[in-house]
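The next block holds one structure in the form of C-alpha coordinates; read it before the comments.
Numbering (the working numbering), first residue to last: 4 to 68.
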(Lines of atoms letter the chains of each structure in order from A and count residues from 1; the text may use other names and numbers.)
(Lines give C-alpha, C1' and ligand atoms only; values in the text may rest on other atoms or scores of the structure.)
Protein backbone atom coordinates (compact mmCIF):
# COMPACT_ATOMS: atom_id res chain seq x y z
CA UNK A 1 0.00 0.00 0.00
CA UNK A 2 2.87 2.40 0.76
CA UNK A 3 4.24 1.79 -2.73
CA UNK A 4 0.93 2.84 -4.26
CA UNK A 5 0.91 6.08 -2.22
CA UNK A 6 4.47 6.86 -3.37
CA UNK A 7 3.58 6.29 -7.03
CA UNK A 8 0.48 8.50 -6.75
CA UNK A 9 2.47 11.33 -5.16
CA UNK A 10 4.88 11.40 -8.11
CA UNK A 11 2.17 12.19 -10.65
CA UNK A 12 2.90 15.16 -12.86
CA UNK A 13 0.40 17.98 -13.28
CA UNK A 14 0.51 20.84 -15.77
CA UNK A 15 -1.12 24.26 -15.69
CA UNK A 16 -4.32 24.25 -17.73
CA UNK A 17 -4.92 20.53 -17.28
CA UNK A 18 -8.48 19.38 -16.58
CA UNK A 19 -8.82 17.20 -13.45
CA UNK A 20 -11.58 15.78 -11.28
CA UNK A 21 -11.00 16.52 -7.58
CA UNK A 22 -12.65 15.67 -4.27
CA UNK A 23 -13.04 18.77 -2.13
CA UNK A 24 -12.86 18.93 1.67
CA UNK A 25 -16.68 18.89 1.80
CA UNK A 26 -16.72 15.53 0.00
CA UNK A 27 -18.02 17.08 -3.21
CA UNK A 28 -16.42 15.91 -6.48
CA UNK A 29 -15.96 18.61 -9.12
CA UNK A 30 -14.28 19.11 -12.49
CA UNK A 31 -11.50 21.67 -12.18
CA UNK A 32 -8.69 23.35 -14.10
CA UNK A 33 -5.16 23.46 -12.67
CA UNK A 34 -4.06 27.10 -12.31
CA UNK A 35 -0.78 26.57 -10.40
CA UNK A 36 1.43 23.70 -9.21
CA UNK A 37 3.35 24.09 -5.93
CA UNK A 38 6.22 21.62 -5.50
CA UNK A 39 7.95 23.39 -2.59
CA UNK A 40 6.50 21.08 0.05
CA UNK A 41 6.95 17.32 0.47
CA UNK A 42 3.81 16.69 -1.53
CA UNK A 43 2.49 18.49 -4.57
CA UNK A 44 -0.21 21.13 -3.97
CA UNK A 45 -2.47 22.33 -6.76
CA UNK A 46 -4.34 25.60 -7.10
CA UNK A 47 -7.50 24.72 -9.02
CA UNK A 48 -10.37 26.72 -10.45
CA UNK A 49 -13.87 25.23 -10.56
CA UNK A 50 -17.40 26.50 -10.95
CA UNK A 51 -17.96 30.23 -11.27
CA UNK A 52 -15.14 32.13 -9.51
CA UNK A 53 -14.36 29.27 -7.12
CA UNK A 54 -10.79 28.23 -6.32
CA UNK A 55 -9.19 25.70 -3.99
CA UNK A 56 -5.69 24.72 -2.88
CA UNK A 57 -5.64 20.92 -2.82
CA UNK A 58 -3.19 18.07 -2.28
CA UNK A 59 -2.32 15.76 -5.17
CA UNK A 60 -4.05 12.83 -3.43
CA UNK A 61 -7.38 14.66 -3.75
CA UNK A 62 -7.25 14.27 -7.55
CA UNK A 63 -9.57 11.44 -8.55
CA UNK A 64 -9.05 11.49 -12.29
CA UNK A 65 -8.12 13.46 -15.34
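We put the beta carbon where it would ideally sit given N, CA and C, even for glycine.
- Beta-carbon to beta-carbon, residue 66 and residue 25 are separated by about 6 Å, close enough to satisfy the 8 Å threshold.
- Between the alpha carbons of residue 17 and residue 63 lies a distance of about 15 Å.
- In the DSSP assignment, residue 37 falls within the beta strand (DSSP E) that extends over 31-40.
- Secondary structure of residue 62 (DSSP, three-state): helix.
- If you look at residue 51, you'll find it in the beta strand (DSSP E) that goes 47-52.
- A residue is called buried once 16 or more other Cβ atoms fall within 10 Å of its Cβ, and residue 48 is buried on that count.
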